[in-house]
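Trainee: Next up is a structure, given as structure tokens.
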Amino acid sequence: MNEDWDVVVVGGGGAGLAAAVAAAERGASVLLFESEKELGGSTQLSAGMFTAAGTSVQGALGVEDSAERFFQHYMDLNQWQLAPGLIAEFCAQSGPALEWLIGLGVEIPAKVSGNAHTPGLCQAGVEDVWRGHVPKDQGYGVVQVLVRAARARGVEIVLNTRVERLLSGDGRVTGVVADGVEVRAGAVVVASGGFARDPELLARHYPAALRAGEDLFVVAADGSRGDHLRFGEQVGAGVTGEGWGLLLPTAYFQRLHHWQSGFPPKSRVYVNSHGRRFMDEDASYAVSSGIIDAQGGTVWAIFDERARRTLPSGYAHWDAEHVLAEAEAGRTLRAGSLEELAGKAGVPAPALTATVRRWNEQLPHGHDPEFLRHRTLANKGSAGNPDPIGEPPFYAARLLPAELVCTHAGLEIDARAAVRDERGAVIPGLFAAGEAGAGVLGGRYVGGGNAVANAITMGRVAGLNAAGN
Ligand SMILES: Cc1cc2nc3c(=O)[nH]c(=O)nc-3n(C[C@H](O)[C@H](O)[C@H](O)COP(=O)(O)OP(=O)(O)OC[C@H]3O[C@@H](n4cnc5c(N)ncnc54)[C@H](O)[C@@H]3O)c2cc1C
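Each residue of the sequence shown is one higher than the one before, counting from 6 in this note's numbering.
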């Protein structure tokens, strides 16, 4: 192996592959290390949904959008707690990055999609205009296209090799050490993903995830061990994005991403410890965990026997038999009346019965004046209104944010994806992107597809700038 490279990329997920392809397109010699047996990381496990503004897909569907509009929405949603220069560049580059992916072979049909599994354009988040681009074959498809492009452009890929540390000298990063071998490079791109699988780093940088206690389960890829933070410590890199990440709400009995775990019944109501409804049960994953957390006490999903019985089969957890087994074991509460269920859940019975009565008068007739859930159901392409909640026995399953998808704390980057040190100065020769490069993913997940957009867009930016370093 040649030991001198223009660019060394650490990690072969979305950000690393995008960086490698972009750098190679600029004529750089590129070596990419991947710690696992196969490429793809969390990107490969994802739906591949990509939030981007001003794209050809939006244009074909008559959706008017621009980078400026995206920027305003992004900053407002994050209460302007992110660096505007970086976010402006991210918003400006998201559309071109998506078009670049399409040019490489990723297929995103110009049609309306009701969910993250159907290729097209969807509203999965809290977008002001529809920006959620769902590619054919999801994250797996994106990774396959990038791997093909990398190989076609001469990127050398080394699997099963975890980069141990960075090399530095004369005030710059000069390469990496992997398998005990020193590899020198003009620039290094750290794209090693997040730290969802390292409990110590979670305690330090994203303690909110640990509030789920034994119910916490991690769906991020095995390689999400937080090596970027260890590399950063070595060279005095700044760290930003502290305390932020994406936790999805789940029933306590879920242990897998919803594609395998399944989906709760449409006929359900979420209540807080006052027995009151407090949210659109289908509110975007971008905001629903925050709404649940804000209730302070236990939150319950309430449904009836018909809803349990008619759960579609083929899923591991939201399945009629599984829910029954949970009820038999006493972990999911079950009662012959709503009053009795309220007693078991410790919520006021008059409030719970009134909540369900009101819900039955509204949602089964296609209207939810308070929480506007009918709008969300329509955007999801839901066929038919939910059934009333009325057939005993009734069930209550504890609901909480416990599915850890990704983490946002990482090496502080600027608009060129260059890593900054603790004083804010750029560290020559060091770039970072994806979950490893922090500053784009904030306290509020923006739109459907914020993290994949960050990985590919900033990965591409990092690769282009590393090649020109
Ligand atoms: C189930 C699931 C569904 C999701 N769905 C979506 C979605 O639809 N849209 C969206 O926007 N986001 C989604 N996300 C989040 C999103 O996929 C990730 O945030 C994003 O893909 C991360 O990309 P990345 O390149 O930073 O990291 P990764 O894709 O995880 O890649 C990092 C790679 O670096 C490797 N690595 C780690 N350490 C080293 C080392 N020391 N040396 C060499 N290699 C190393 C890892 O093994 C890994 O392959 C989802 C996540 C999951 C888990």
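By construction, the Cβ of each residue, glycine as well, lies at the ideal position given by its N, Cα and C atoms. If you're wondering where the values come from, they're calculated on a predicted model, not measured in any experiment.
1. Quick check on Ile418: does DSSP put it in helix, strand or coil?
2. For Glu205, which three-state DSSP category applies?
3. Taking the straight line between their C-alpha atoms, what separation do you get for Ala502 and Arg313?
4. By DSSP, does Leu261 sit in helix, in strand, or in coil?
5. At a threshold of 7 Å, does Thr48 count as lining ligand 1 (C-beta to nearest heavy atom)?
6. If we call anything under 8 Å between Cβ atoms a contact, is Ala402 one with Ala256?
7. What residues in its chain sit with their C-beta under 7 Å from that of Gly137, if we drop five residues either side in the sequence?
8. Can you tell which of Leu404, Arg362, Phe376 and Thr412 has the C-alpha that lies nearest to the C-alpha of Asp392?
9. Using 8 Å as the threshold, is the region 203–222 in touch with the region 404–414, meaning 3 or more CB pairs across them?
10. Please go through the same chain and pick out, in chain order, the residues whose beta-carbon is closer than 6 Å to the beta-carbon of Phe236, but skip the five residues on each side of it.
11. Between the region 237–250 and the region 284–293, are three or more C-beta pairs nearer than 8 Å?
12. At what residue ranges does the region 25–94 contain a whole run of the alpha helix (DSSP H), taking only runs of 4 or more?
13. Sort Ser342, Gly144, Ala414 and Trp364 by Cα distance to Asn390 and report the nearest one.
14. Work out the CA separation of Phe76 and Ala443 for me, nearest whole Å.
15. Would you check if the distance between the CB atom of Arg230 and the CB atom of Arg202 is smaller than 8 Å?
16. Which class does Asn7 belong to by DSSP, given the choice of helix, strand or coil?
17. Per DSSP, which residues does Ala401 bridge with? Please list them.
18. For a test of the three-state rule: what should DSSP assign to Val194, helix, strand or coil?
19. I'd like to know if the region 180–188 and the region 57–76 are in contact, where contact means that at least 3 CB-CB pairs between them fall below 8 Å.
20. Taking only three categories from DSSP, how would you classify Gly250?
21. Round the Cβ separation of Gly468 and Ala27 to the nearest angstrom and send it over; I've been treating them as touching at under 8 Å.
22. For Arg177, which beta-bridge partners are listed by DSSP?
23. At a cut-off of 7 Å, would you count Asn455 as near ligand 1, judging by its Cβ distance to the nearest heavy atom?
24. Please report the Cβ distance between Ala441 and Leu416, rounded to the nearest whole angstrom; I am assuming they are in contact, meaning their Cβ atoms lie under 8 Å.
25. For His370, is the classification buried or exposed, using 16 other Cβ atoms within 10 angstroms of its Cβ as the cut-off for buried?
26. Note down the Cα distance separating Ala321 from His262, rounded to an integer number of angstroms.
27. Is Ala467 a contact residue of ligand 1, with contact defined as CB to any heavy atom under 7 Å?
28. By alpha-carbon positions, which one of Val445, Tyr450 and Ala65 ends up nearest to Gln98?
29. With DSSP run on the structure shown, which of helix, strand or coil describes Val457?
30. Is the beta carbon of Gly45 less than 8 Å from the beta carbon of Val160?
31. Determine the extent of the beta strand (DSSP E) in which Ile113 is found, giving its start and end residues.
32. Mapping DSSP to helix, strand and coil, what is Gly430?
33. Cα separation between Met6 and Ala190?
34. When you compare the CB positions of Ala155 and Ile162, do they come within less than 8 Å of one another, or not?
35. Whose CA, out of Met284, Ala354 and Pro269, lies closest to the CA of Ser318?
36. When the Cβ atoms of the region 292–309 are set against those of the region 366–386, are three or more pairs found closer than 8 Å?
Mentor: Taking the definition as stated:
1. strand
2. helix
3. Since the displayed the chain opens at 6 and closes at 474, residue 502 lies outside it and no answer follows.
4. coil
5. yes
6. yes
7. Met54, Thr56, Leu126, Cys127, Gln128, Ala129, Gly130, Gly452, Gly453 and Gly454
8. Arg362
9. yes
10. Leu171 and Val195
11. no
12. 46–50, 61–65 and 72–82
13. Trp364
14. 17 Å
15. yes
16. Note that Asn7 scores 47 on pLDDT, short of 50, meaning its location in the model is unreliable; the coordinates nonetheless yield the value given after this. Residue state, collapsed to three classes: coil.
17. Ile307 and Leu338
18. strand
19. no
20. strand
21. 3 Å
22. Gly174
23. yes
24. 6 Å
25. exposed
26. 10 Å
27. no
28. Val445
29. helix
30. no
31. It is not in any beta strand (DSSP E) - Ile113 carries neither H nor E in the DSSP assignment.
32. Here residue 430 is Ala; the residue named in the question, Gly, does not match the sequence. Coil, per DSSP.
33. Low local confidence applies: a pLDDT of 45 at Met6 is under 50, so the model's placement there is unreliable, with the coordinate-based value given in what follows. Each residue's Cα considered, the two are about 13 Å apart.
34. yes
35. Pro269
36. no
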